[in-house]
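The sequence shown maps to residues 2 to 367 in this note's numbering. Using N, Cα and C, we set each Cβ at its ideal position, and we do this for glycine too. Data block below; observations after.
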Amino acid sequence: MMLAGITDAKPFDSVSVFKRGFDCLQQYLKNDVGLFDNFHLDGVSNDDRDHFHALTALRIFLEKLAFHESSLKSSQRNAFDGKREGEIAALLSTHLLSCLVYGNKYLISNTYQKQPSQCPCLNPIQCMEHIPYGETALGHEELWYGHPSIVLIPKDPPDYIPIMVYEEFPNDDDDGVGQERNVKQNNENSTEKCDFESENMHFDMCTEQIFSQAITFAFHRGNAMNDSCVQPVSTLIPSLVLTPSKYYIVMYDYMNDILLSSRHQCCSWWDDSDMKFNMSAVLQMWMVLNYVDFVPGFSQKAEHVLAGSGNFHNILKNKHLFQKTKRIARKSIFNSPQKCRKLINKGVSVDLDEEVQCIKFPSITT
């Protein structure tokens, strides 16, 4: 089931939403502690201890920055050329995403056709990274379910982060299943055109899936905290989407029904030379991936103004499905009921009464 009827994804300013993360980074840079020097916990406050693992991961990544950049691109070669989504996920996990989370643990969806056993980068001898695959399924049969491309596993496994990966220019000779989507969707009942081959931002074609997974994960995160009897500091949960050149952030507040997106920002994670990482983008992704430590949130005024703007609560309540959100979970098999048997990954929207919906989501631009 796709999420028909969501009114809008509001743009957000990452500096204000991740104020705690930017303040933390600025403080450590000012004191020259914990980022470029060895971090010592003696005499460090509890708040600073919360950031230790994230800062350590960032420091190690920056120390190896040149290696990671050269593993993905050189003046003559691009590791992403000709690669399918499973291979792209392996490259991104090894040389960017897992490096920004302490412990470097991750899992790539086992639904990909192409599953390289080792990282297919430009430095195979120096890299030698073994690629782990497994079950990443998340959701609920009557709401939405699918397989996130990558699952990052921080120091505390319940705090895992699902990530979606897309190709920018898929090959025409590989039909693919599961996550590999070589599609150009223009359903006669829909005004949304899916086109990976557009010269514009390629997230446009997949807004339904992006929003659906972001909302589903946010509810799942809320359920996990409730099951653990943890009072959340913030109910705003981020999700991350990547292609070989762009990144996109979606955030959903499951308690206040607020959907945000980075559609107003330049989302390239490469700099102007197209050979080096855009460090502003890297820092934003680092804060998203370590959101448990950096706790994104709003001012009370902004929360009051935006509350209910996502419209998802209304959709579910009108369908008498809101209580189903408490059963969103990770599991290996989803027993889909007959009236909701289509996966969103197949690009088909099926309502509970088996009518194909005409879904129109706001465009995503950069």
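Test item: CB-CB of residue 148 and residue 329 under 8 Å: Along the sequence shown, read from residue 1 onward, the residue named residue 148 stands at position 147. Along the sequence shown, read from residue 1 onward, the residue named residue 329 stands at position 328. No, the pair does not count as a contact, with Cβ atoms beyond the cut-off.
Under three-state DSSP, which class holds residue 324? Position 323 of the sequence shown holds residue 324. Helix at residue 324.
Rounded to whole angstroms, what is the Cα-Cα separation between residue 233 and residue 225? To locate residue 233, count along the sequence shown from 1; it is residue 232. To locate residue 225, count along the sequence shown from 1; it is residue 224. Spanning the two alpha carbons is a distance of roughly 10 Å.
Through-space distance from residue 286 to residue 160, alpha-carbon basis: Position 159 of the sequence shown, counting from 1, holds the residue named residue 160. Position 285 of the sequence shown, counting from 1, holds the residue named residue 286. Spanning the two alpha carbons is a distance of roughly 16 Å.
Which residues does DSSP list as the beta-bridge partners of residue 330? Residue 330 sits at position 329 when you count from the first residue of the sequence shown. In the DSSP output, where bridge partners are listed per residue, residue 330 has 140.
Here's the rule: buried if 16 or more other CB atoms are within 10 angstroms of the residue's CB, otherwise exposed. What is residue 19? Numbered from 1 along the sequence shown, position 18 holds the residue referred to as residue 19. When all chains shown are included, residue 19 counts as buried.
Run of the alpha helix (DSSP H) containing residue 293, from where it starts to where it stops: Along the sequence shown, one-based indexing puts residue 293 at 292. Residue 293 -> alpha helix (DSSP H) spans 292 to 295.
Let me know the secondary structure DSSP gives residue 125 once reduced to three states. Stepping through the sequence shown from its first residue, residue 125 is reached at position 124. Residue 125 falls in the helix class under three-state DSSP.
Express the C-alpha separation of residue 210 and residue 192 in angstroms, rounding to a whole number. Translated into the one-based positions of the sequence shown, residue 192 becomes position 191. Translated into the one-based positions of the sequence shown, residue 210 becomes position 209. Note that residue 192 has pLDDT 28, beneath the 50 cutoff, so the model's placement of it is unreliable and the number below is only indicative. Each residue's alpha carbon lies about 16 Å from the other.
Rounded to a whole number of angstroms, what is the C-alpha to C-alpha distance between residue 107 and residue 138? Here residue 107 corresponds to residue number 106 of the sequence shown, with the count starting at 1. Here residue 138 corresponds to residue number 137 of the sequence shown, with the count starting at 1. Residue 107 and residue 138: Cα-Cα distance of roughly 14 Å.
Less than 7 Å between C-beta atoms, sequence neighbours within five positions excluded: which residues of the same chain meet that for residue 255? Locating residue 255 in the sequence shown gives position 254, where the first residue counts as 1. Same-chain partners within the cutoff: 219, 220, 223, 236 and 238.
Can you tell me whether residue 273 is buried or exposed? The criterion is at least 16 other CB atoms within 10 Å of its CB, across all chains shown. Taking the sequence shown and counting its residues from 1, one reaches residue 273 at position 272. Result: exposed.
According to DSSP, residue 278 sits in a beta bridge with which residue or residues? Translated into positions along the sequence shown, residue 278 becomes position 277. The partner list for residue 278 (beta bridge, DSSP) reads 271.
Just reading off the alpha helix (DSSP H) that residue 254 is part of, what are its end residues? Locating residue 254 in the sequence shown gives position 253, counting from the first residue. Run containing residue 254: none in the alpha helix (DSSP H); it sits in the beta strand (DSSP E), 248 to 254.
Just the Cα atoms here: how many angstroms apart are residue 36 and residue 97? For the purposes of this step, residue 36 is taken as residue 35 along the sequence shown, with counting starting at 1. For the purposes of this step, residue 97 is taken as residue 96 along the sequence shown, with counting starting at 1. Note on residue 36: pLDDT 47, under 50, position unreliable in the model; no value is reported.
Can you check which of these residues, 55, 29, 301 and 28, is closest to residue 292 by C-alpha distance? Along the sequence shown, read from residue 1 onward, the residue named residue 292 stands at position 291. Of 55, 29, 301 and 28, the residue nearest in Cα terms is 55.
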